[in-house]
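Per this note's numbering, residue 7 is the first one in the sequence shown, and the count goes up by one each step.
Scroll down for the structure; my scribbles are underneath it.
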Amino acid sequence: MECIFCRIAEKKLPSKILFEDERSIAFEDINPQAPVHVLVIPKKHISTVLELKKEDRELIGQLFLVANIVAKEKGIAERGFRLVLNCNREAGQTVFHIHLHLLGGRPMQWPPG
7 MECIFCRIAE
17 KKLPSKILFE
27 DERSIAFEDI
37 NPQAPVHVLV
47 IPKKHISTVL
57 ELKKEDRELI
67 GQLFLVANIV
77 AKEKGIAERG
87 FRLVLNCNRE
97 AGQTVFHIHL
107 HLLGGRPMQW
117 PPG
């Protein structure tokens, strides 16, 4: 089965893209859990955090920098936002291609789960 996020990154599926560079892409979540809910993914397919390798360090840092850019563009940077990265089913991962959830636009609760 082909990865849905790989298909979005390859422009084989439509999405509302908010940011893109050669290594990453950010797009709006189709099932938003907050007024702002953006997914930030690497274009390289990595199923879970457990598959990260040393050579992925810069790529993972890039995802956080993209989240900062999008949070500023969406006007939630100063108010606050949450970044979530789930690993495996019990944590809530449903698409097995690592991705940051950028959530904001409303007060967040703690604990999150």
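Positions of the beta carbon are idealized from the N, C-alpha and C atoms, including for glycine.
Give the secondary structure of residue 19 by DSSP, where H, G and I count as helix, E and B as strand, and everything else as coil. Correct three-state label for residue 19: coil.
Assuming residue 32 is part of the alpha helix (DSSP H), what are its boundary residues? For residue 32, there is no enclosing alpha helix (DSSP H); the enclosing beta strand (DSSP E) covers residues 30 to 34.
Is the beta carbon of residue 32 sitting closer than 7 angstroms to the one on residue 42? No.
Take the Cβ of residue 87 as the centre, count every other Cβ of all protein chains shown within 10 Å, and call the residue buried at 16 or more, exposed below. The residue is buried, with at least 16 neighbouring Cβ atoms inside 10 Å.
With respect to the alpha helix (DSSP H) encompassing residue 72, which residues constitute its N-terminal and C-terminal limits? Start and end: 63 to 79.
By how many angstroms is the C-alpha of residue 108 removed from the C-alpha of residue 34? Using only the alpha carbons, I get a separation of about 9 angstroms.
Span of the beta strand (DSSP E) around residue 87: Here the beta strand (DSSP E) through residue 87 covers 87 to 90.
Give the single residue among 22, 103, 64 whose Cα lies nearest to the Cα of residue 38. Here the closest residue by C-alpha is 22.
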